[in-house]
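Asks:
2 protein chains.
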Amino acid sequence: MPFDPASWFTEAIDETGTAFSLKLKRKLHEEQTPFQKIEIFETETFGRLMVIDGCTMVSGRDNFLYHEMMSHPALFTHPAPRRVLIIGGGDCGTLREVLRHPEVERAQQVDIDERVTRLSEQYFPELCEANGDPRAELHFADGIEWVDKAAAGSLDVIIVDSTDPVGPGEVLFSETFYRHCRRALGEDGILVQQSESPLLHRELLQDMYRRMRAAGFAQQATLHFPQPIYPSGWWSATLAGNRDLRCFREQDAAQKSFACRYYNADIHRGALAVPEFLKDL
Amino acid sequence: MPFDPASWFTEAIDETGTAFSLKLKRKLHEEQTPFQKIEIFETETFGRLMVIDGCTMVSGRDNFLYHEMMSHPALFTHPAPRRVLIIGGGDCGTLREVLRHPEVERAQQVDIDERVTRLSEQYFPELCEANGDPRAELHFADGIEWVDKAAAGSLDVIIVDSTDPVGPGEVLFSETFYRHCRRALGEDGILVQQSESPLLHRELLQDMYRRMRAAGFAQQATLHFPQPIYPSGWWSATLAGNRDLRCFREQDAAQKSFACRYYNADIHRGALAVPEFLKDL
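Protein chains in written order, with our numbering: chain A, 281 to 561; chain B, 281 to 561.
Put into structure tokens, the structure is as follows:
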């Protein structure tokens, strides 16, 4: 079939030698914020698509995989997650999933770019349906500073729902940042961070594990899940903490009071399975 | 980054509205066989790539995911897999994995196009390293007829490692074909077939389950796994049989005598986890 790039959005990545494209109906919006360029497209088969600085961020069709896996495993691993901080996550999809947990008393979302959230409210209203929840706080600020200033032991779960570890997102993968998270979480807290493609970014995982350990998180565990619009279609999130992160509240997960489209207790356990080629992490 | 389609191989699929591209070094080979057009490329980051009729078939980098998941789960589900038939699979990667099982006494591979195998021997020698095994039989014939003529109960495992269910591959997804498989396998045998993307081809899975049941396979179970070069990067294989396909020889899998790059007992169990949106299958 002839491929006419003009009618597709393509994210081509030289370093990985891969490109992914979605067929477009039309562009709905484009703006340059003080932080980044945001584009919104209507695609033929994946619903709406948000693109930031040329990278696919979220689509209407497959975001449930990412948002559910960034939130539920961490929250079901913590024994009683009451205070949750989301760094990044401006599309509000992770926040929505966090607030499905009745134990959560306060969920702070700290994204540096308010425009991501405002555009998400406009173009992805389903992701923002929990924004009015009295437990939700939407802050537009620097997440690094936010964690730095957070009181010691004041958080149960920190979710780093950020862009790739290049450019402004890089500092979110540093030992210093992890050290601040460790302090804000106290002894029992859990950090979870998106950790790229297991196939394409193996070295990033190694670096993350090393830095997380150096920052005082004794345990790490990586969850694997599909995410078609991200490079390779295979994505991961890495948990860090000081408890056994391969144990979770399985019965609570099996009897959860809310519906998911991907996540369940079996999926959680399965996502923790370590492929042979990653066994030496 | 500017995307110049000339230096990438792109498989663009109108029905799914998705395209996947790999950056190329050069084309190594192209030929039209009596059955199909075969192209071989050297890619920048995925090793060599075989393309049949414009569809990515196998790459040096990620084929281990597919080949291991098409073989080991089925073979560890059967209590004693001695006689294995592979329909398609001309690149020989599945055959190699099957022959790692010491219980296997005979592995027949039946692909209609001998050129796929000859080109694989030339360009993917690592996939063909078991072709000289005395237990291996390479036949170049019509797989449908082969199963039709097979003696009743003469096989333990049939692996359908075929192209997509459009065009010539379509009949491999028919109730009639499944009925012939059922007869050739006898009461205890197991069929496993690649079953496309769980996200993009949900209806195919529904149809497969229905036809497999109508053909006399009481049980079905779908395994999910990553496969970056296939549409959505998320792929599946479906088991059919008359035993509980969610039970497998876990201890044998955990103590297997051969090395894998993806598969292990945890991965097997995890691949059987059913995402919420597929629970009603």
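Glycine included, each C-beta is placed from N, C-alpha and C at the ideal position.
Given a cut-off of 7 Å, decide if Ala-410/B and Arg-376/B are closer than it, judged by their beta-carbon atoms.
Replies: Your numbering for residue 376/B matches position 96 in the second sequence. Your numbering for residue 410/B matches position 130 in the second sequence. Yes, the Cβ-Cβ distance between Arg-376/B and Ala-410/B is below 7 Å.
Asks: At a Cβ threshold of 7 Å, is Asp-393/A touching chain B?
Replies: For this step, residue 393/A is matched to residue 113 along the first sequence. Chain B, which has no Cβ nearer than 7 Å to the Cβ of Asp-393/A, makes this no.
Asks: Comparing C-alpha positions only, which one of Ala-299/A, Leu-485/A and Ser-351/A sits nearest to Leu-561/A?
Replies: For the purposes of this step, residue 561/A is identified with residue 281 of the first sequence, where counting begins at 1. When only C-alpha atoms are compared, the closest one is Leu-485/A.
Asks: What does the Cβ neighbour count give for Ser-287/A, buried or exposed, with the cut at 16 atoms within 10 Å?
Replies: Stepping through the first sequence from its first residue, residue 287/A is reached at position 7. Residue environment for Ser-287/A: exposed (fewer than 16 other C-beta atoms within 10 angstroms of its C-beta).
Asks: Return the CA-CA distance between Glu-291/B and Ala-431/A, expressed in angstroms with no decimal places.
Replies: To locate residue 291/B, count along the second sequence from 1; it is residue 11. To locate residue 431/A, count along the first sequence from 1; it is residue 151. Between Glu-291/B and Ala-431/A, the C-alpha separation is close to 51 Å.
Asks: To which residues does DSSP link Asp-441/B through a beta bridge?
Replies: For this step, residue 441/B is matched to residue 161 along the second sequence. Asp-441/B pairs with Gly-368/B.
Asks: Is the separation between the beta-carbon of Gln-473/A and that of Thr-518/A shorter than 7 Å?
Replies: Translated into positions along the first sequence, residue 473/A becomes position 193. Translated into positions along the first sequence, residue 518/A becomes position 238. Yes; because the gap between Cβ atoms is below 7 Å, this pair is in contact.
Asks: Is Gly-496/B helix, strand or coil when you go by DSSP?
Replies: Counted from its first residue, the second sequence places residue 496/B at position 216. Collapsing the DSSP output to three states places Gly-496/B in coil.
Asks: Let's test the definition: count the other Cβ atoms within 10 Å of the Cβ of Lys-303/B and tell me whether it reaches 16, buried, or not, exposed.
Replies: Reading the second sequence from its first residue, position 23 is the one you call residue 303/B. With 16 or more Cβ atoms within 10 Å of its Cβ, Lys-303/B is classed as buried.
Asks: Residues in the same chain with beta-carbon distance under 6 Å from Gly-466/B, minus the five sequence neighbours each way, listed in chain order, please.
Replies: Position 186 of the second sequence, counted from the first residue, corresponds to residue 466/B. The residues are Gly-433.
Asks: Using beta-carbon positions only, say whether Ile-438/B and Leu-365/B come within less than 7 Å of one another.
Replies: In the second sequence, counting from the first residue as 1, residue 438/B sits at position 158. In the second sequence, counting from the first residue as 1, residue 365/B sits at position 85. Taking 7 Å as the Cβ cut-off, Ile-438/B and Leu-365/B qualify as a contacting pair.
Asks: Just curious, the beta strand (DSSP E) that Thr-320/B is in, first and last residue?
Replies: Locating residue 320/B in the second sequence gives position 40, counting from the first residue. Contrary to the premise, residue 320/B reads as Ile rather than Thr in this sequence. From DSSP, the beta strand (DSSP E) with Ile-320/B extends over 317-323.
Asks: Which whole-angstrom value is the C-beta distance of Thr-298/A and Ser-475/A, which I expect to be below 8 Å?
Replies: Counting from one through the first sequence, the residue named residue 298/A turns up at place 18. Counting from one through the first sequence, the residue named residue 475/A turns up at place 195. In fact, because the Cβ distance is near 18 Å, the residues do not count as touching under 8 Å.
Asks: Scan the region 365-451 of chain B and note each continuous alpha helix (DSSP H) run of 4 residues or more that stays entirely inside, going in chain order.
Replies: 373-378, 394-403 and 423-429
Asks: Does any CB atom of chain A fall closer than 7 Å to the CB of Tyr-346/B?
Replies: In the second sequence, counting from the first residue as 1, residue 346/B sits at position 66. Not one chain A Cβ lies under 7 Å of Tyr-346/B.
Asks: Would you grab the beta carbon distance between Arg-362/A and Glu-383/A for me? Rounded to a whole angstrom, and I think it's under 8 Å.
Replies: On the first sequence, residue 362/A is found 82 positions in, with the first residue counted as 1. On the first sequence, residue 383/A is found 103 positions in, with the first residue counted as 1. Sure, about 6 Å apart at Cβ, within 8 Å.
Asks: Specify the secondary structure class of Gln-473/A as computed by DSSP and reduced to three states.
Replies: Taking the first sequence and counting its residues from 1, one reaches residue 473/A at position 193. Under the three-state reduction of DSSP, Gln-473/A is assigned to strand.
Asks: Using a cut-off of 7 Å between C-beta atoms, extract the partners of Gly-447/B located in chain C.
Replies: This model lacks chain C altogether, as its protein chains are A and B.
Asks: Can you name, in chain order, every residue of its own chain whose Cβ lies under 8 Å from the Cβ of Cys-527/A, other than the five neighbours on each side?
Replies: In the first sequence, counting from the first residue as 1, residue 527/A sits at position 247. Within the same chain, Cys-527/A has close Cβ partners Thr-357.
Asks: Going along chain A in order, which residues have a C-beta closer than 7 Å to the C-beta of Arg-541/B?
Replies: Stepping through the second sequence from its first residue, residue 541/B is reached at position 261. What Arg-541/B touches in chain A: Glu-556 and Phe-557.
Asks: With respect to the alpha helix (DSSP H) encompassing Thr-357/A, which residues constitute its N-terminal and C-terminal limits?
Replies: Translated into the one-based positions of the first sequence, residue 357/A becomes position 77. In the DSSP annotation of this structure, the continuous segment of the alpha helix (DSSP H) that includes Thr-357/A starts and ends at 343-357.
Asks: Where Cys-372/B and Phe-289/B are concerned, what is the direct C-alpha to C-alpha distance, given to the nearest angstrom?
Replies: Here residue 372/B corresponds to residue number 92 of the second sequence, with the count starting at 1. Here residue 289/B corresponds to residue number 9 of the second sequence, with the count starting at 1. Rounded to the nearest angstrom, the two C-alpha atoms are 23 Å apart.
Asks: With burial defined as no fewer than 16 other Cβ atoms inside 10 Å of the residue's Cβ, what is the status of Thr-456/B: buried or exposed?
Replies: Within the second sequence, numbered from 1, the residue matching residue 456/B stands at position 176. Thr-456/B is exposed by the Cβ-count criterion.
Asks: First and last residue of the beta strand (DSSP E) that includes Leu-304/B?
Replies: One-based indexing of the second sequence puts residue 304/B at position 24. It spans 298-312 - the beta strand (DSSP E) in which Leu-304/B sits, taken as one unbroken run.
Asks: What whole-angstrom Cβ distance do Ala-553/B and Asp-546/A have, given they're in contact under 8 Å?
Replies: Here residue 553/B refers to the residue found at position 273 when the second sequence is read from its first residue. Here residue 546/A refers to the residue found at position 266 when the first sequence is read from its first residue. Contact between Ala-553/B and Asp-546/A is confirmed by a C-beta separation of about 4 Å, below the 8 Å threshold.
Asks: Hey, Tyr-316/B and Ile-332/B are a contact pair by Cβ (cut 8 Å); roughly how many whole angstroms apart?
Replies: Here residue 316/B refers to the residue found at position 36 when the second sequence is read from its first residue. Here residue 332/B refers to the residue found at position 52 when the second sequence is read from its first residue. The sequence shown places Gln at residue 316/B, not Tyr. So it is a contact: roughly 5 Å between Cβ atoms.
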